[in-house]
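A.B. asks: Here it is, the structure, as structure tokens.
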Amino acid sequence: MKKIYCLLLTFLTLLIHAGTLKSQVIVSGAVSGTWDNLIHVTGDIWINEGESLVINPGTRVVFIEPAIFNVWGSVNSNGTSEQPVIFTVADSTGFADSSQLTGAWQGIVFSHMVANTDSSIFTNTVFEYTKDKRDAGETSWGGAITAVGFSKLRFSFCNFISTHSWSGGGAAAMTAGANIIFQHCSFENCRVYDSLTGFGGALYAREASPIVEHCTFYNNKGGWLGGGLCFYYSDPLIRFNEFKGNSALIGGGISLVHCRPARIISNNVIHQNGPAYFGGGVACNNACDPVFANNTIVDNYAAYGGGFYCNDSAAPTVINSIITNNYTFGGDGPQVYIWDIYSHPNFFYSNIEGGLNNFAGSGALGGYHGVFADNLDTANYFDIKGPLPWALSDSSPLRDAGNPDTAALQIPPVDFANQLRLVKGRIDIGAFEWQSGEGVSQISTVSVSVAPNPSNGTVVIRLPKANDGLFQV
């Protein structure tokens, strides 16, 4: 009997081992087709032009060594909330050493793509433990994702965790027209090492037009500019995002350089970012003139300009926004610091603690040449006991105090919390619109089917039966 038991145990062990081997795939070199279960990467991998790779829900892509993933074809990572796709490493030992590639993999690179290449889409995908090489050209940018001149990229409900870069974009770098879309993504503990030329702790763009919406940026660190993100010569759409706990020398949350965007930066909550030397919350540099509408910039800190900083002929316009409760350590301008007389930011219908007289820098007081009109200097009266951070209380003076003419502002019809704007006919100040509690309908989402998907041509969108009302894609 004992002999039979031992034989049975051995047989079961072999079956389990065989099943494990069957579910595990070892890859290097050219890849395509479909991935499932566990993928072990033992060397550099790539997708050739005209080839595609589909990654099924629940797949773990584990890099045994610091390999790089080049894409010249297309990849679709189809994770779900219950079964995300995960890109990670087998052993993260040595990850903290920025001089070595130990404990990491080198991310995914989209570069030198042909014009008719299909889209690559990542949904519910986790990227973690990436580093790139110092002085490695385009691959020294973008810890997890590097995109050069390729725009057919979308990331939805993806998590970037502990992804590091030497030069810029701890999570992703976009250059030369790489107009990537990030929606409902989170960026946490992403980092850029170089303190002299390191840009964008999480995201970096140069000469691109990315869309960043409904994302969270937590505890990211930029070397020089932009703890959360840094965009150069770009036309970004930045809205419905939260920036918290990010740091850099200039622009703890957001740093914009030479940007003259046509699109409005709106409905963002930028709080508790820092330390920074200049601009704990936001920094606008070098002839940068974006429009900020309905943003809440609070509780950030820096040596100069805890909330908002302008430098070198920057001329941003701030409308319907809150800049309060920011502070400095050892410097001036807790809310707004203007470095030079050539910078002339404009402020309209905003609540700015201390008003114009609290501005600091050479471009403040007698050196201020911007427009400062219809602004408030009052307590915000946030609804601190409510479910939404930084929402306005019933007694807040910021209710119905925004610009009465919103037609030209391109402000979305909903606020940061996806609640309707213009509840009482005039917009509020800040990222949150006060809700009357009188049965205002909340914005709802519906599932749609799109066919064919992906597609380079005409697609058909099928909607389920829905009530009349605003429809936004």
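In short: position in the sequence shown from 1, add 781, done, that's my numbering. Ideal placement from N, C-alpha and C gives every residue a C-beta, glycine not left out.
1) Between V890 and T927, is the Cβ-Cβ spacing less than 8 Å?
2) Tell me which residue opens and which closes the beta strand (DSSP E) that I926 is part of.
3) Just the C-alpha distance for N1280 and G1009, rounded to the nearest angstrom, thanks.
4) What are the boundary residues of the beta strand (DSSP E) that H945 is part of?
5) Hey, is the stretch 1134-1151 in contact with the stretch 1168-1178, meaning 3+ C-beta pairs nearer than 8 Å?
6) Roughly how many angstroms lie between the CA atoms of P1193 and T823, to the nearest whole one?
7) Determine, using beta carbons only, whether I1100 and G1060 come nearer to each other than 8 Å.
8) Does DSSP put G814 in a helix, a strand or coil?
9) Using a Cβ-Cβ cutoff of less than 6 Å, which residues in the same chain neighbour S879 once the five nearest sequence positions on both sides are dropped?
10) In the DSSP assignment, find the beta strand (DSSP E) that holds D825 and state where it starts and stops.
11) Determine, using beta carbons only, whether P838 and G860 come nearer to each other than 8 Å.
12) Would you decide whether D817 is buried or exposed? Buried here means 16 or more other CB atoms lie within 10 Å of its CB.
13) Taking its Cβ as the centre, do 16 or more other Cβ atoms sit within 10 Å of A896, making it buried, or is it exposed?
14) Quick one: grab the DSSP three-state call for G949.
15) First and last residue of the beta strand (DSSP E) that includes Y1085?
16) How big is the Cα-Cα spacing for A1029 and R972?
17) Once the 5 residues before and after G1088 are set aside, which same chain residues still bring their CB inside 6 Å of it?
18) DSSP state of S862, grouped into three classes?
19) Flag this pair as yes or no: are the beta carbons of A989 and T956 separated by less than 8 Å?
20) Can you tell me which of the three DSSP states I1208 falls into?
21) Could you give the residue range of the beta strand (DSSP E) that holds S967?
22) Is L1146 buried or exposed, if buried means 16 or more other CB atoms sit within 10 Å of its CB?
23) Report the residue from F941, C1040, S1047 whose alpha carbon sits nearest the alpha carbon of F998.
24) Whose C-beta lies closer than 6 Å to the C-beta of R1020 among residues of the same chain, with five residues either side of it excluded?
25) Can you find the residues in the same chain that come closer than 8 Å, C-beta to C-beta, to N1000, ignoring five residues on each side of it along the sequence?
26) Taking 8 Å as the threshold (C-beta atoms), are A871 and F844 in contact?
27) Near R1180, which residues of its chain fall below 7 Å by C-beta distance, leaving aside the five closest residues on each side in sequence?
28) Using CA atoms only, rank isn't needed, just tell me which of Q805, N1132, S932 is closest to F1163.
C.D. replies: According to the structure shown:
1) yes
2) 926-929
3) Residue 1280 lies beyond the range of the chain shown here (782 to 1254); nothing can be said about it.
4) 940-946
5) no
6) 47 Å
7) no
8) strand
9) Y974
10) 819-828
11) yes
12) exposed
13) exposed
14) strand
15) Neither: Y1085 is in no beta strand (DSSP E) and is coded neither H nor E.
16) 10 Å
17) G1062, I1078, N1081, I1104, N1107, Q1116
18) coil
19) yes
20) coil
21) 967-969
22) exposed
23) F941
24) E994, S1047, N1048
25) E969, N970, K1025, G1026, N1027
26) yes
27) L1173, D1209, W1215
28) N1132
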